[in-house]
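Number of protein chains: 6
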Amino acid sequence: MYKLTRPEIEEYLKKDDVVLFPVGSTEQHGKHMAIDNDAFTALEIARRVAEKTGVLVAPVMPFGYSVHHMNFAGSITLKFSTLVEVYKQVCESLIHHGFKKIVILNGHGGNTNAVNEALREIRDDTGVVVYNVMVFPTENGFGSGSLKVIKQESGGHACELETSIGLALGQRVLMDKAEKWRSPRGLTDLQKKYQRKVTTARNFDEVTEIGSLGDPTIASEEKGEEMVEAVVKELSEFVEDLKKE
Amino acid sequence: MYKLTRPEIEEYLKKDDVVLFPVGSTEQHGKHMAIDNDAFTALEIARRVAEKTGVLVAPVMPFGYSVHHMNFAGSITLKFSTLVEVYKQVCESLIHHGFKKIVILNGHGGNTNAVNEALREIRDDTGVVVYNVMVFPTENGFGSGSLKVIKQESGGHACELETSIGLALGQRVLMDKAEKWRSPRGLTDLQKKYQRKVTTARNFDEVTEIGSLGDPTIASEEKGEEMVEAVVKELSEFVEDLKKE
Amino acid sequence: MYKLTRPEIEEYLKKDDVVLFPVGSTEQHGKHMAIDNDAFTALEIARRVAEKTGVLVAPVMPFGYSVHHMNFAGSITLKFSTLVEVYKQVCESLIHHGFKKIVILNGHGGNTNAVNEALREIRDDTGVVVYNVMVFPTENGFGSGSLKVIKQESGGHACELETSIGLALGQRVLMDKAEKWRSPRGLTDLQKKYQRKVTTARNFDEVTEIGSLGDPTIASEEKGEEMVEAVVKELSEFVEDLKKE
Amino acid sequence: MYKLTRPEIEEYLKKDDVVLFPVGSTEQHGKHMAIDNDAFTALEIARRVAEKTGVLVAPVMPFGYSVHHMNFAGSITLKFSTLVEVYKQVCESLIHHGFKKIVILNGHGGNTNAVNEALREIRDDTGVVVYNVMVFPTENGFGSGSLKVIKQESGGHACELETSIGLALGQRVLMDKAEKWRSPRGLTDLQKKYQRKVTTARNFDEVTEIGSLGDPTIASEEKGEEMVEAVVKELSEFVEDLKKE
Amino acid sequence: MYKLTRPEIEEYLKKDDVVLFPVGSTEQHGKHMAIDNDAFTALEIARRVAEKTGVLVAPVMPFGYSVHHMNFAGSITLKFSTLVEVYKQVCESLIHHGFKKIVILNGHGGNTNAVNEALREIRDDTGVVVYNVMVFPTENGFGSGSLKVIKQESGGHACELETSIGLALGQRVLMDKAEKWRSPRGLTDLQKKYQRKVTTARNFDEVTEIGSLGDPTIASEEKGEEMVEAVVKELSEFVEDLKKE
Amino acid sequence: MYKLTRPEIEEYLKKDDVVLFPVGSTEQHGKHMAIDNDAFTALEIARRVAEKTGVLVAPVMPFGYSVHHMNFAGSITLKFSTLVEVYKQVCESLIHHGFKKIVILNGHGGNTNAVNEALREIRDDTGVVVYNVMVFPTENGFGSGSLKVIKQESGGHACELETSIGLALGQRVLMDKAEKWRSPRGLTDLQKKYQRKVTTARNFDEVTEIGSLGDPTIASEEKGEEMVEAVVKELSEFVEDLKKE
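Next up, the structure:
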């Protein structure tokens, strides 16, 4: 919607009320990916879904909850409560104009709790149920079938999966700088023993020495294209179903 | 610690600095369990761990984040931001007196995000890393081995697992009122199709007609005892490791 | 109500709408009383009133406004604004389910201003008038007649009155540790001269060297029983009158 | 201080660091007193004390916590939290410039809790202990000896005491409109029976039909002068003691 | 209105609904003017307009947004958000009693953003449009014609304009201390080159060495009277127009 | 900076510490301009300045303070306080990593007060002075000389100036939809008479019927290029001076 004029938006609202709101983050993505990757991915997926379905796309929110990345240069973080307010106020502005079906396309796992809190407050304040989906394929989410292309053991940040998708979407990726995950030196025995069982406010440099997880060195554009296609296809199907509601 | 006098606490702090802080909720637990179950369980597990390890237990926080249960009578909820503040201020009071190793024992999944946000703010404000664990056994958490006793397909609230543990801990359970999960009537096709793939601010009565999930009718005290024993044993081992740090 | 199931609470709400909400604190109580005493007392009095009148009791809020006790180990304090929010949100949750007559039973003088602020905001937000009473006998409040058993000149914290009531209610009291109030050493002349006439943000260690006021050494279970009986009787009469409204 | 120039204040701060901060309210004062009475009184007493002692006076804060008066026209109220912030920020501005001994002269009982909360937060933030006194004589406060001139049974708002002091200070008082307190019609039996024992968020029109308490018809300038003289004398003594600290 | 009784205000509200709310600040005004000047001016202009038009005047808010003056002794500042709340709550109290046409008379440029934010929130909350005017003559505002008496090149604080008006209104002005503006020593080249083109959070001592701008030495009571007369006349005309709306 | 990797940013910070932070808005721009215009312009100018000077550019903040545009479809607004927090937290994240010279490039006049409030709080919290400039040429700002190309009498929103710059920067502009400003019908006499002299919380549809001001029909790419060149040149000079500081 951000490249339309007001009269064009008024026209759209006469016949439809779906809008996609991509949200990302600006944070370090290891040694090989641009720091805008989560915002970039959310916006690119939104554009592809919009192209297929004809719905509008709100501007991407480029800053997210990245407090655990602040020990790595280039990361920008908002406070949790501020981020909830931003999501809420953008959605409530859209609702004010008549958009009744908002789909938040989230490109950063760290935003999830803030998005969910916003969803709850929006429903309690306005009665409108807002939808939240991840733009990366996940086990239980959209595009799950395409996860078979992924070979790394585990990942989650600037990894085989994220890097492949970046390559497919035209992100700036320096493949020659990509490195496989390395555990940080100097973890205590307690940290090692209970890292999975006990939750703490862990900083990302306590989890990875190089800023990324998994194995980005085996990423490829082809893998990325398969995943992007799957996510876009299934998300578009959801949007079509939503339009009919 | 709540049954000690001030001089007794001063004495403890001279030689040790671990404290358990149980947090729960007051919310409907289907047709057969008392509404204080999450607070009750957190406190009972804390007591058993304290008995084994000699560490102190702070009073249980009985109210949690239960906004999704408010369509069922008896549920009490705090706002997310208020709950974060409560967790923070209790922990920071404990830190003020010299407790350096605080373990939050959480009895309610709905509190998790608020606990995590508190953990982050405490670390940023004071430098102290607080630990957070669930008092129910989970796949990746403490007591995972004992999950083999559970036969229901899925659960999560006043289910076979939670009811069994309630029976083992002496909770008030009305087994003759227990019923197997039933889907709410009147879900839309969209809701049914995307319930797992898309996140919304779902109310609990949109997920279960009777207020519980899973199958509490096959719960038993024996199953509960096995799980309680496993959780208490592994948690106590963690606490012992923590004391040595 | 916290030991009831949801259907039992629904049943209660069909015929009655009174609920007691005990609120206390966790703070040092001199050398001889457990730090949970204010929460313990509020809950115990609430239970006795509930037994006599058949009304429900919400879980006790164990943390209060104890900022002036923070120089003594074991005290836990919430901020004023957080505490107001907790009281408000618990009451508004109860109102949401149909409880129209809420009686806050307060066991800690330091909470009074926060309770009163909550009462005002609840009335302005919802129109519901919430009631607030002290669980200790006071000159103008419930159980005033029983104050004749008290012999100390003045008191107010872990004193003859509070200790006697603790003994009567089964609290953990170490009578051999009880000591008569001693003024802190090192007060300035200005502090001594104007202590009563001028209000400041006084810390409790500027008022008492041992953490208690008055004379707990002359406390007895008999005195406590007489006071408890008087307070419970008069409070129960108030609750009965409230039911009839 | 508000009629001084910056260099004059700098000069003062070189040799002294006491400042009086009068706080009042704007609220209905029955049928016969101007609505600015609490602010007016606080300022007038402050001026008289300043004259005797040579200390400075900050501008009077004219708005207070008067939420219970809002059913009577002309009352202006701030929220509790806003008022605490105002008191805090004014005091912290004064502390910033080098005033180390601030005395809040309060002319409105309804402000007391907000003043006290501000005092606590200022002490915790800056270490400075701020002093709070009432400008009206009270049993345990300054000018208590002069209370013997008061003949009404009870009072508290636009009553014999406050009206007499208004007359003595030159306030606009319409003595021919003054009326003795009358209970509001339509109180329920419950309200009448428990008005003193149970606290609620009572509105002032539930306590007095005419907006004032006590008996202003027996007020006189002479009584007022005696009380003003006593309060000013004792307050000035306190200020002199403070200067010497 | 602050010298009226409640019945007198009720009487006024039966036939009219305009009220003036003067807002000022307490901050250093160079070497020659009292620090209460902005509050004093707002109130004095309000009184003169009220006299001409018969409308009521609320008490003046004496504290404003003066954070940039805090390096000069005697300045008191509120935080932006607190000040917005004060303006809002005072106006909403007035609206509550039936005042529908509120005119804020602002005596301090630094308050403008906070006033405007309050105006917006009041309109969004209550639908009432509140009016905001400066009490000093400005190019596009009231009394612009009278600006011809001003000879200084530029000004803005304790300058020829403000000092002349102070003299005309009876403010305490020490003309023998007045000095022409002097640039602070020690400005960097960057500061000098871009002072007008680039906005920063500039402190007032980075703009003027003596705390005032412009040239107060050429101020005179006659100039002040001409400006006051113009502003009062035009403001009164506006108020008369408002009454007829 | 948003297209760089973390190691590239670390490299930059070793030798330089300037960063540009463009901030815009998403709001209706009359009948002929895309609603993202303020964000788009801020980012495009930032890119051109960065290209000339070699400094980094943070992601553009696409949402601003547009509350007065909410009666026109497509506008999205944040609350004032939320926006201040976003600006603050982004800047403080940048400062955290070692950027000491932040220049906010603002593309929306409505953001100015929020930016200024953020600047003040950042300076008070961290000591860092952040710079704020408009990306459109203004009388006293950068590019003022180029304003001679503008012929409309007055403007300010989607006008000759803004439209010309849009054309020069490659924005989506529908010149055939552009219309000259028209006053809204139905303004009251009071509104017309005092529109300039009195400030209110005016909605934009009370100022323009078509959503734009001034005369966009006489806009041209050539005019835009002249202004863009002037602004970019002078801003770049400022940035070069800043680097040398």
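Sequence lines, in order, name chains A, B, C, D, E and F. Counting in the numbering used here, the first sequence runs without a single skipped number right up to 245 at its last residue. Counting in the numbering used here, the second sequence runs without a single skipped number right up to 1245 at its last residue. Counting in the numbering used here, the third sequence runs without a single skipped number right up to 2245 at its last residue. Counting in the numbering used here, the fourth sequence runs without a single skipped number right up to 3245 at its last residue. Counting in the numbering used here, the fifth sequence runs without a single skipped number right up to 4245 at its last residue. Counting in the numbering used here, the sixth sequence runs without a single skipped number right up to 5245 at its last residue. Just so it is clear, CB atoms sit at the ideal spot from N, CA and C, and this is done for glycine as well.
Three-state class that DSSP yields for residue i in the structure shown
i: C/His2032; result: coil
i: E/Gly4227; result: According to the sequence as given, residue 4227 of chain E is Met; it is not Gly. In the structure shown, E/Met4227 sits in a helix (DSSP, three-state: H, G or I).
i: F/Ile5076; result: strand
i: B/Pro1007; result: helix
i: B/Leu1020; result: strand
i: A/Asn287; result: Any property of residue 287 of chain A remains undetermined from this structure, which presents chain A solely from 1 to 245.
i: D/Asn3106; result: strand
i: C/Tyr2065; result: coil
i: D/Met3134; result: strand
i: F/Thr5126; result: helix
i: D/Lys3100; result: coil
i: E/Leu4056; result: strand
i: F/Val5173; result: strand
Neighbour flag for residue i against chain E, beta carbons, 9 Å
i: D/Ala3034; result: yes
i: F/Leu5078; result: no
i: D/Gln3195; result: no
Cutoff 9 Å: residue i Cβ touching any chain D Cβ
i: C/Thr2200; result: yes
i: C/Ser2081; result: yes
i: E/Glu4085; result: yes
Cβ of residue i within 9 Å of any chain A Cβ
i: B/Val1019; result: no
i: F/Lys5177; result: yes
i: F/His5097; result: yes
i: B/Val1133; result: yes
Chain F within 9 Å of residue i, Cβ atoms only
i: A/Val263; result: Look at the range of chain A in this structure, 1 to 245, and you will see that residue 263 of chain A is not part of it.
i: E/Thr4041; result: no
Option nearest residue i by Cα separation, candidates the options
i: A/Ser146; options: A/Arg47, A/Ala230, A/Glu240 and A/Glu206; result: A/Ala230
i: C/Glu2237; options: C/Val2103, C/Ser2093 and C/Thr2041; result: C/Val2103
i: E/Glu4162; options: E/Ser4093, E/Thr4200, E/Phe4204 and E/Glu4222; result: E/Glu4222
i: A/Gly166; options: A/Asn37, A/Gln191 and A/Pro22; result: A/Asn37
i: F/Gly5110; options: F/Phe5080, F/Val5173 and F/Ser5093; result: F/Phe5080
i: D/Glu3011; options: D/Glu3226, D/Phe3099 and D/Gly3186; result: D/Phe3099
i: E/Gly4170; options: E/Leu4004, E/Glu4245, E/Thr4041 and E/Thr4077; result: E/Thr4041
Any non-hydrogen atom of the ligand HEM within 8 Å of residue i CB
i: E/Gln4171; result: Although the ligand HEM was asked about, the structure shown includes no ligands whatsoever.
Test: residue i CB closer than 9 Å to a CB of chain B
i: A/Phe204; result: no
i: A/Leu119; result: yes
C-beta atoms of residue i and residue j nearer than 9 Å
i: A/Leu20; j: A/Val239; result: yes
i: D/Val3055; j: D/Leu3043; result: no
i: A/Thr217; j: A/Ala168; result: no
i: A/Tyr131; j: A/Pro59; result: no
i: F/Asp5124; j: E/Val4067; result: yes
i: D/Lys3101; j: D/Val3232; result: no
What are the residues of the segment 3142–3163 of chain D that lie near chain C, defined by any Cβ-Cβ distance shorter than 8 Å?
Answer set for the segment 3142–3163 of chain D: Phe3142.
Chain A contacts from the segment 5002–5013 of chain F (Cβ-Cβ distance under 7 Å)
So the list reads Tyr5002, Lys5003, Leu5004, Thr5005, Arg5006, Pro5007, Ile5009, Glu5010 and Leu5013, given in the order they occur along the chain.
Closer than 8 Å, Cβ to any Cβ of chain F: which residues of the segment 56–79 of chain A, in chain order?
Within the segment 56–79 of chain A, the residues whose Cβ lies closer than 8 Å to any Cβ of chain F are, in chain order, Ala58, Pro59, Val60, Met61, Pro62, Phe63, Met70, Phe72, Ala73, Gly74, Ser75, Ile76, Thr77, Leu78 and Lys79.
Which residues of the segment 5205–5233 of chain F have a Cβ closer than 9 Å to any Cβ of chain A? Give them in chain order.
Taking 9 Å as the Cβ-Cβ cut-off against chain A, the residues of the segment 5205–5233 of chain F that qualify are Gly5211.
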